[in-house]
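Right, one structure below, let's go through it.
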Amino acid sequence: MSELPLLHLQGSPYRQGVQHGRQLKGQIASNVEVYRSRMLTSGLKEDELAERSQRYLGLFTREDAAYRAIMDGIAEGSGQALLDIALLNARYELLYSAWSEFGKPTAESIRSECTSFGGREAFEGGGVQLGQNWDWFTGIEGALLQWKSGETTVLGFTEAGVAGAKIGLNSAGLGLCVNGLGASADDWRIDSVPFHLRTWRILQSTSLEQAVGYAAAPRPACSANFFVGSVDGGVATVETSPLGSRVIYQGGSAPLVHANHFRSPEALGVYQSWLETGRVSTYHRCERMETLLEKEAAPVSAERLHAAMRDHDGGPIAICRHPVESDPVELRTHTALAVHLELDARRFHYTWGPPCESEFTTVGL
């Protein structure tokens, strides 16, 4: 597939938002349409969606004035209603909580959407490296954003219309990947820092400790996993839920791997009700990636790593995902983005679309 647009954002948070909105105007309009459709399909009614979007607009306003200013700029630049920009920025909580509230989607692929990995001295070239296959709805529009936060330059991936970024690295040698999680305790009504505001803060962090602190901010509305790495601090994955958070650090030389289930749900007392219907993709992908990365002695070469990211073992539940034609159109997913981050070298390698269909593009800081 084609390369992602790369936006170099400058000026105040509001001006950065205006640049984002103007340069991605068509893509933002498309994402608003797609996400509104997905949320209504999940069981929400128009008035409920408006009410929940308004609630999250209030949360963004209360929690971070700069982030809210970016959202205002995106609305201005794109010509979209501010409430629709709030819908995009709160789409994690709005969708995941709707799935919990109204019942799981019927397609196996939903709620099983990412395979992350990382380690220190585990990969050829040395240093700290991490990455992931980000599996999500077909038809979503994305972009790469680069901006400065103080003396720190950030490069990351976002969905058009979402302020900041959710997957990326910065000039301080810190990187972030993410995994969606779900637990019966998830509740959109919990007042806490929204998911995309957390990822924006993490990517502007200058140490592993600071990043972990942002990830583990108390009582999120919806469970999530934040896979963070730092050239100075190593690699950790932070499982979060309304019931608490758990930090898992890389042990030994083998890479750390995470998918879309809590590695030890009993440690946090969470109940993953959505896994009771036979959704095995998350377990298969996690075990398969561990096997592929550990089958030979470290370090893992870039060629071997990228081959693992392109692995099709398991067919529709494989690491490298493709749309299942028998799924309803609104529930079809694929590997929308594959990312390999070299933190010491400050390099961002990616494919837009399944990695088996193209070579990796490299963007450096």
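Residue 977 in our numbering sits at position 229 of the sequence shown; the count goes up by one each step and never skips. Just so you know, even glycine gets a beta-carbon here, dropped at the ideal spot from N, CA and C. Predicted, not measured: the structure shown is a model, and the values here were computed from it.
Open item on the list: Nearest by alpha-carbon distance to L1079: which of G887, Y815, T901 and I1067 is it?
Closed with: The option with the nearest alpha carbon to L1079 is G887.
- [ ] Identify, in the order they occur along the chain, each residue of the same chain with its Cβ nearer than 7 Å to the Cβ of T901, setting aside the five sequence neighbours on each side.
- [x] Q894, N918, S919 and L1113
TODO: Please check the pair I818 and P761, which I expect to be a contact at CB under 8 Å, by giving their CB distance rounded to whole angstroms.
DONE: In this structure I818 touches P761 by the C-beta definition: roughly 5 Å separates them, less than 8 Å.
Task: Distance, G1101 Cα to G874 Cα - done: 27 Å
TODO: Measure the C-alpha to C-alpha separation of I858 and G1063 and round it to an integer number of angstroms.
DONE: Bear in mind that a pLDDT of 48 at I858, under 50, signals an unreliable position, so the number given afterwards is only what the model happens to contain. In a straight line, the C-alpha of I858 is about 15 Å away from that of G1063.
TODO: Whole angstroms is fine: what's the gap from R763's alpha carbon to L842's?
DONE: 27 Å
TODO: Specify the secondary structure class of C970 as computed by DSSP and reduced to three states.
DONE: coil
Task: C-alpha distance - G1017 paired with L991, whole-angstrom precision - done: Distance between the alpha carbons of G1017 and L991 is about 7 Å.
Open item on the list: Whole angstroms are fine: how far does the CA of C1104 sit from the CA of P742?
Closed with: Outside the shown range of the chain, which is 749 to 1113, sits residue 742, and nothing can be said about it.
TODO: Quick one: measure Cβ to Cβ for A1002 and E1035, integer angstroms, because I've assumed they're closer than 8 Å.
DONE: Not a contact, Cβ separation roughly 13 Å.
Open item on the list: Alpha carbons only, please: which of Y997, L922 and A823 is nearest the one belonging to G1134?
Closed with: Limits of the chain in this structure are 749 at one end and 1113 at the other, which puts residue 1134 out of reach.
Open item on the list: Taking the beta carbon of V1048 as the centre, do at least 16 other beta carbons fall within 10 Å, making it buried, or is it exposed?
Closed with: buried
Open item on the list: By the three-class DSSP mapping on this structure, what secondary structure does V780 have?
Closed with: helix
Task: Check whether V1005 and M1057 have beta carbons under 8 Å apart - done: no
- [ ] Going by DSSP, name the residue or residues bridged to Q880.
- [x] S864 and V1087
Task: Expected contact under 8 Å - CB spacing of G867 and Q998 to nearest Å - done: 5 Å
Task: D934 classed as buried or exposed, judged by whether at least 16 other C-beta atoms fall within 10 angstroms - done: By the C-beta density criterion, D934 is buried, having at least 16 other C-beta atoms within 10 angstroms.
Open item on the list: Residues in the same chain with beta-carbon distance under 6 Å from R1033, minus the five sequence neighbours each way, listed in chain order, please.
Closed with: So the qualifying residues of the chain are T863, A1007 and I1067.
- [ ] Note the first and the last residue of the continuous beta strand (DSSP E) segment covering N927.
- [x] L922 to G928
Task: Runs of alpha helix (DSSP H) lying entirely within the region 1004–1070, each at least 4 residues, in chain order - done: 1013–1016, 1029–1042 and 1050–1057
Open item on the list: Just to confirm my understanding: we take L770, look at its own chain, exclude 5 residues before and 5 after, and list those with CB closer than 6 Å. What are they?
Closed with: The question names Leu, but residue 770 is Arg in the sequence shown. The answer, listed in chain order, is G825.
Open item on the list: If you follow the alpha helix (DSSP H) that R1127 is in, where does it begin and where does it stop?
Closed with: One cannot answer for residue 1127 here, as it falls past the ends of the chain, which runs 749 to 1113.
Open item on the list: Can you list, in chain order, the residues of its chain with a C-beta nearer than 6 Å to that of V1072? Leave out the 5 residues immediately preceding and following it.
Closed with: Closer than 6 Å at the Cβ level, and outside the excluded window around V1072, lie P1064.
Open item on the list: By the three-class DSSP mapping on this structure, what secondary structure does E751 have?
Closed with: In the structure shown, E751 sits in coil (DSSP, three-state: anything other than H, G, I, E or B).
- [ ] Return the residue from the list T809, L892 and V926 that minimises the CA-CA distance to H1009.
- [x] V926
Task: Extent of the continuous alpha helix (DSSP H) to which L956 belongs - done: L956 to A963
Task: Burial state of V1028 (16 or more Cβ within 10 Å) - done: Counting the other CB atoms within 10 Å of its CB gives V1028 a total below 16, which places it among the exposed residues.
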